[in-house]
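Protein chains in written order, with the numbering used here: chain A, 1 to 321; chain B, 1 to 263.
Here's the structure we're looking at; comments come further down.
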Amino acid sequence: MDEILVLAEHRRGQLRDITFEMMNFAKALASGNQMEVTVLLLGHGIDEMAGHLENSCDNLLMMDSPELADYTPDPYLLALEKTINERRSFLTVMGHTAAGMDLAPALAARLSIPLMSDCLDATLNNGILEVERQIYGGKINAKLGMKPFAQYFVTQRTGCFPTSLVHDKSAGKFPLKPPAWQEFRRNFVEYVEAELSGVDITAADILVSVGRGIGKPESIAMVQEFADAIGAPLSCSRPVADKGWLPKDRQVGTSGKTVRPKVYIALGISGAFQHQAGMKNAETIIAVNKDARAPIFNVAQYGIVGDLFQVVPILKEKFSK
Amino acid sequence: MNIVVCVKQIPEVAEAELEINKQGSGIDTEDLVMGINEWDNYAVEEAVLVKERHGGSVTVVTLGDADSEDVLRRALAMGADEAVLIQEEGFEGSDAFGIARGLYRAVKNLPHDLILMGVQASDDGWAQVGLILAEWLDLPFASLAVDVQINGDLVSVHRELESNTQEKVELSLPALITVQTGINDPRYVSIMGIRKVRNIQVRETDYEELGLSEDEIGLGGSSVASRTLSLPSGGEGAEILTGTLNDICEKTAQIIRDRGGVS
């Protein structure tokens, strides 16, 4: 039977949510197409993690080796190349994450298997893969029908499938022998935690968040006055942190912080997927943006289509004593 | 040190309202301003910084139409020394592998100790081309770099992970690194700066000269058979507040008070 091979992703001994999301994606795709779901767990000291996976897939492949403890491309590429070639997995799935983005393209090139990256969903049409992804920073959706291939490779965007697993299977567990390791040209040294600026935005009840629409760093002062009037700290989207206009630990999003304040006020933030991932679970989201079609309005409860430079000063006045 | 930077020219869409063209095959780019892919701009700056610290030369390469020469000129003004333009003809409709084939052929014969490019381009967002290139060139690589330090033959890279965490990795040169936005502070390019480098000749090449055939690139070489574009559906969407500016701010202030516990 054809199989969908899911590469489990873990860090510091913990399986990451994307692993469960991919398993749910694979399960849905497999059931409509008479395929099996096989999870590949590469790591070191992986028995506990295996326990979380073995009741939700058809096959669980386990390769345990010290070289695989933390993700690094050299051994992971060799391990995946061996596994995919031997099993002729029809579809390989990994997360479009910091690890998957590093691993997938080189693997696809090595195996000459076409790679569709950052996919929201995928279906099979007569054995041919069709994927859904976004282009132009999430402003346009694209459905891509692929050409027929013997094998496919997909990396999946986080947050598109449920993270809870149904324990309705009993996987055959297969320990895999690691391949002969060659000399590694890149080495993992250590994890590095980010510097702190003294304000923990994840603890705030209200956040006033600025995006690219703020235009220049001098304009932040005006927003700071409003934020002070309501007792909220400032946070931001990626472009503002990249430019150093606010400290990096104020950044909300996939590579920054995930926040769940009572109120999240997004000013001049378009709401690209990576930002939404960090704030969409705020209780109340109010967005101000000049573009009525900005993706932020899909996740906000309240929207103001307008110029933040006109809105913020008047809003501030409503709170002055 | 010989540094090669691959850059792309893209339509700037962050502040634009996009329309899908009549054929449904692409967006209307008529009213859009073209510019350098933001990630690649950071890569050019990083390359020039490396040159300033360690000596050497920077060659910037792009695959695009005649207008793409603008991004090469920008890079030269920032401090790159040489520029190569791979003409786009034949490559239209390529997937990431097709673009990588073009870059591979052009780059493999350039001396390279370090190859830099952005993690992804803001149009297709594949985030694949750089690492496919690394694999074909048989180079160690690191993606999502937010810090690069070179020590002799070793390069130490901080890679951006999720949730405000990074990892430090070490690789040996020659290597390929894809850079994340925010890795540095790209220098400003003035008209004067561009004029100063106007005498630098841009070397041009095309797919035939690179030895590529039509079934390796473009639509023929792509793994994709069809593409249908649409505007993302709004979902439930926000309640858009209406009225005068004062009304809107009054309503908003009330929401903030009720939901945020502000007096």
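C-beta: ideal position from N, C-alpha, C; glycine also.
Rounding to the nearest angstrom, what Cα-Cα distance links residue i and residue j in this structure?
| i | j | result |
| --- | --- | --- |
| L29 of chain A | R250 of chain A | 38 Å |
| F188 of chain A | A100 of chain B | 27 Å |
| R259 of chain B | K262 of chain A | 6 Å |
| E132 of chain A | K318 of chain A | 44 Å |
| L131 of chain B | L219 of chain B | 21 Å |
| I255 of chain B | F226 of chain A | 15 Å |
| A134 of chain B | C236 of chain A | 34 Å |
| P75 of chain A | A225 of chain B | 33 Å |
| E36 of chain A | V6 of chain A | 11 Å |
| D40 of chain B | S170 of chain A | 47 Å |
| A16 of chain B | E30 of chain B | 12 Å |
| Q264 of chain B | H44 of chain A | As shown, chain B starts at 1 and ends at 263. That puts residue 264 of chain B outside it, with no answer to give. |
| K22 of chain B | D28 of chain B | 9 Å |
| H10 of chain A | S164 of chain A | 16 Å |
| R110 of chain A | A50 of chain A | 28 Å |
| G278 of chain A | R159 of chain B | 20 Å |
| S143 of chain B | V39 of chain A | 25 Å |
| V146 of chain B | A98 of chain A | 12 Å |
| V288 of chain A | L124 of chain A | 40 Å |
| P105 of chain A | F91 of chain B | 20 Å |
| I177 of chain B | V107 of chain B | 14 Å |
| P295 of chain A | N24 of chain A | 26 Å |
| T252 of chain B | Q310 of chain A | 14 Å |
| E190 of chain A | E214 of chain B | 45 Å |
| A50 of chain B | Y71 of chain A | The amino acid occupying residue 50 of chain B in the given sequence is Val; Ala does not appear at that position. So the alpha carbons of these two residues sit roughly 27 Å apart. |
| M63 of chain A | A8 of chain A | 11 Å |
| G211 of chain B | V60 of chain B | 21 Å |
Alpha carbons only, please: which of the options is nearest the one belonging to residue i?
| i | options | result |
| --- | --- | --- |
| P174 of chain B | B:I248, B:L32 and B:L116 | B:L116 |
| A292 of chain A | B:G260, B:D247, B:Q254 and B:L231 | B:L231 |
| N298 of chain A | B:E250, B:G237, B:I256 and B:R259 | B:G237 |
| Q201 of chain B | B:I248, B:D70, B:G221 and B:A225 | B:D70 |
| M94 of chain A | A:E86, A:R88 and A:L103 | A:L103 |
| M116 of chain A | B:P111, B:W126 and B:G118 | B:W126 |
| I183 of chain B | A:E36, A:Y71 and A:P239 | A:P239 |
| V58 of chain B | B:G243, B:L210, B:H112 and B:D95 | B:H112 |
| R157 of chain A | A:F20, A:A282, A:R11 and A:E36 | A:F20 |
| I3 of chain B | B:I150, B:R159, B:E250 and B:T165 | B:I150 |
| F184 of chain A | A:L77, A:V305 and A:A241 | A:L77 |
| K257 of chain A | A:G32, A:A282 and A:G268 | A:A282 |
| G172 of chain A | A:C57, A:D17 and A:K243 | A:C57 |
| A150 of chain A | A:G138, A:G127, A:P162 and A:Q134 | A:G127 |
| R198 of chain B | B:G35, B:A83 and B:G56 | B:A83 |
So for residue i, helix, strand or coil by DSSP?
| i | result |
| --- | --- |
| L114 of chain B | strand |
| K318 of chain A | coil |
| M1 of chain A | coil |
| L165 of chain A | coil |
| L42 of chain A | strand |
| T62 of chain B | strand |
| A106 of chain B | helix |
| K139 of chain A | coil |
| S68 of chain B | helix |
| F97 of chain B | helix |
| C249 of chain B | helix |
| M346 of chain A | This structure leaves residue 346 of chain A out entirely; chain A is present only between 1 and 321. |
| R12 of chain A | coil |
| P175 of chain A | strand |
| P11 of chain B | strand |
| Y302 of chain A | strand |
| M35 of chain A | coil |
| M94 of chain A | strand |
| I18 of chain A | helix |
| R159 of chain B | strand |
| Q149 of chain B | strand |
Between residue i and the ligand NAP, is there a pair consisting of the residue's CB and a ligand heavy atom that are separated by less than 7 Å?
| i | result |
| --- | --- |
| L116 of chain B | Within the structure as shown, the ligand NAP is missing, as the structure has no ligands at all. |
Since residue i and residue j should fall inside the 8 Å C-beta cutoff, what is the C-beta to C-beta distance between them, to a whole number of angstroms?
| i | j | result |
| --- | --- | --- |
| C60 of chain A | L68 of chain A | The question names Cys, yet the displayed sequence has Leu at residue 60 of chain A. L60 of chain A to L68 of chain A, Cβ: 15 Å. No contact. |
| L32 of chain B | I140 of chain A | Not really, about 13 Å apart at Cβ, beyond 8 Å. |
| I314 of chain A | A300 of chain A | With a Cβ gap of about 19 Å, I314 of chain A and A300 of chain A do not count as contacting. |
| G211 of chain A | I269 of chain A | 3 Å |
| E45 of chain B | P186 of chain B | 4 Å |
| G253 of chain A | Q274 of chain A | 5 Å |
| E88 of chain B | L63 of chain B | 6 Å |
| A194 of chain A | T165 of chain B | 7 Å |
Legend entry - Start-end ranges of the beta strand (DSSP E) lying completely within the stretch 166-213 of chain B, minimum 3 residues: 175-179 and 202-205
Legend entry - Length at least 3, wholly inside the stretch 237-271 of chain A: the beta strand (DSSP E) runs in chain order: 263-267
Inset, instruction - Output, in sequence order along the chain, the residues in the stretch 115-126 of chain A whose CB is closer than 9 Å to any CB in chain E. - result: The chain inventory of the structure shown lacks chain E, comprising the protein chains A and B.
Legend entry - Unbroken stretches of the alpha helix (DSSP H), 4 residues or longer, contained in the stretch 43-68 of chain A: 47-53
Inset, instruction - Please list the segments of the beta strand (DSSP E) lying wholly inside the stretch 97-160 of chain A, counting only runs of 3 or more residues, in order along the chain. - result: 115-125, 128-135, 140-146 and 152-156
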